[in-house]
Amino acid sequence: MARWPDGKSIAFGLIIPWEVWPSDIGTPKSHQRAAQRPVPSDALYPRDMWAVFDHEYAEAQGLRRILSMFADYNVRTSFVANGKRVELNPDLAREAAAAGHDMGSENYEHAYPIMMSLEEERASLEHTVSAFKSILGSAPTGYISPGHRPTPNTVPLVFDLGYSWHADFQGDDVPFRMQDGDRDLVCMPYAHVSDYQSYSAGGRTPRDLLQMAIDEFDVLRKEGLRGSPKMMGFAIHPFICHGFRTRILELMLDHILACPDVWVATRSEIADWVRQNPKDFATVTKDQVLSMFPAT
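Residues in the sequence shown are numbered consecutively from 2, following my numbering.
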């Protein structure tokens, strides 16, 4: 059974996907999420510039807004940035790292691994690790697949490139260890509640999302107080961090930080704790995880 530092009943962590969008963003071929329907496939100008401009908001306003909020609340988070994003915005990336945020990654740009060959997926991850080392002076700490859609190649690549944690595992409310010989990887859920749930067309309002987040936290905390500690993540995408969404993040943090039994932690801090306390968390082998991927 999971156990957290000082007997805390719940571990809570914000995770920040900071992305670069493929060149087909805003076209009918794009696989990316958008807040409105795509342009018709027979449009004479087949690119939705609203979607293009919408996805540029992080670097214009959104990221600095949430960095300021995190500083106000004295909260450190876990970024998962595309390697290309770190290259395109090195000063912002260094600012986030200097503020103490945990700097993990996606792949090189927000392209889905399920559309890639082994060689393409490996090159994307290797390029990302190289970008982090060049810009930030160290490799990314942890990994999520864009869209949380890993392939059978993802786990071996994440092991080989030396990542510490991997957040593609949505099937539980606690982390576990994955072993491959003398190597290990701490696997954990990404987030069951995300600001994306107030973004897509037909989605919930930000106030609906606030109640969802509070309800999720309260239930998991109650289970922890009864002796079964849990972990909760909440995902924040900087490109949709307009003022009206940031306000509900403040209200969520007000609720969570008022609880003395919550451990607010980065993903790397959680991974370190799991490694230091292996008897309190499940352990599986890499082969056991890969056996869950059916042959295609």
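Glycine included, C-beta positions come from ideal geometry on N, C-alpha and C. Keep in mind that this is a model prediction, so the values were computed, not measured.
Just list the residues that DSSP pairs residue i with in beta bridges.
{"i": "Ala236", "result": "Ile16 and Ser195"}
{"i": "Val263", "result": "Ile11"}
{"i": "Phe177", "result": "Cys188"}
{"i": "His167", "result": "Tyr144 and Cys188"}
{"i": "Val285", "result": "Met179"}
{"i": "Lys231", "result": "Ile11"}
Between the alpha carbons of residue i and residue j, how many angstroms are there, rounded?
{"i": "Glu121", "j": "His111", "result": "13 Å"}
{"i": "Ala100", "j": "Ser42", "result": "44 Å"}
{"i": "Glu127", "j": "Arg227", "result": "44 Å"}
{"i": "Thr129", "j": "Lys85", "result": "7 Å"}
{"i": "Pro190", "j": "Arg66", "result": "26 Å"}
{"i": "Cys242", "j": "Arg4", "result": "33 Å"}
{"i": "Arg7", "j": "Ile136", "result": "Sequence check: residue 7 is Asp here, not Arg. If you take the alpha carbons of Asp7 and Ile136, they lie about 36 Å apart."}
{"i": "Asp262", "j": "Thr155", "result": "35 Å"}
{"i": "Pro266", "j": "Ser292", "result": "Sequence check: residue 266 is Ala here, not Pro. Taking the straight line joining both Cα atoms gives about 31 Å."}
{"i": "Ala140", "j": "Leu68", "result": "21 Å"}
{"i": "Lys287", "j": "Asp174", "result": "20 Å"}
{"i": "Gly244", "j": "Tyr197", "result": "15 Å"}
{"i": "Glu60", "j": "Asp216", "result": "31 Å"}
{"i": "Leu89", "j": "Val21", "result": "9 Å"}
{"i": "Ala283", "j": "Met2", "result": "8 Å"}
{"i": "Arg246", "j": "Pro239", "result": "10 Å"}
{"i": "Ser31", "j": "His56", "result": "13 Å"}
{"i": "Lys231", "j": "Phe218", "result": "10 Å"}
{"i": "Tyr74", "j": "Leu250", "result": "11 Å"}
My guess is that residue i and residue j are in contact by the Cβ rule of under 8 Å, so how many angstroms apart are they, rounded?
{"i": "Thr142", "j": "Asp169", "result": "With a Cβ gap of about 15 Å, Thr142 and Asp169 do not count as contacting."}
{"i": "Met253", "j": "Leu211", "result": "6 Å"}
{"i": "Ile1", "j": "Ala52", "result": "No answer is possible for residue 1: it lies beyond the span of the chain, which begins at 2 and ends at 297."}
{"i": "Met116", "j": "Ser125", "result": "Actually they are not in contact, since the Cβ atoms of Met116 and Ser125 sit about 11 Å apart, beyond 8 Å."}
{"i": "Pro176", "j": "Val159", "result": "Not a contact, Cβ separation roughly 15 Å."}
{"i": "Phe294", "j": "Pro153", "result": "4 Å"}
{"i": "Asp209", "j": "Ser199", "result": "7 Å"}
{"i": "Pro157", "j": "Asn108", "result": "The Cβ separation is near 15 Å, so there is no contact."}
Does the ligand MN have a heavy atom nearer than 7 Å to the CB of residue i?
{"i": "Val187", "result": "For the structure depicted, the ligand MN is absent and the ligand set is empty, with no information on it obtainable."}
Stretch pair the region 205-215 + the region 176-185: three plus CB contacts closer than 8 Å: no
Segment contact flag, the region 277-286 with the region 92-103, C-beta cutoff 8 Å, min 3 pairs: no
Runs of beta strand (DSSP E) wholly within the region 50-116 (minimum 3 residues, chain order): 79-82 and 103-106
Minimum length 3: unbroken beta strand (DSSP E) runs contained in the region 124-156: none
Touch test, the region 73-85 against the region 15-31, Cβ-Cβ under 8 Å, three pairs minimum: yes
Validate contact between the region 159-174 and the region 254-272 using beta carbons, cut 8 Å, 3 pairs: yes
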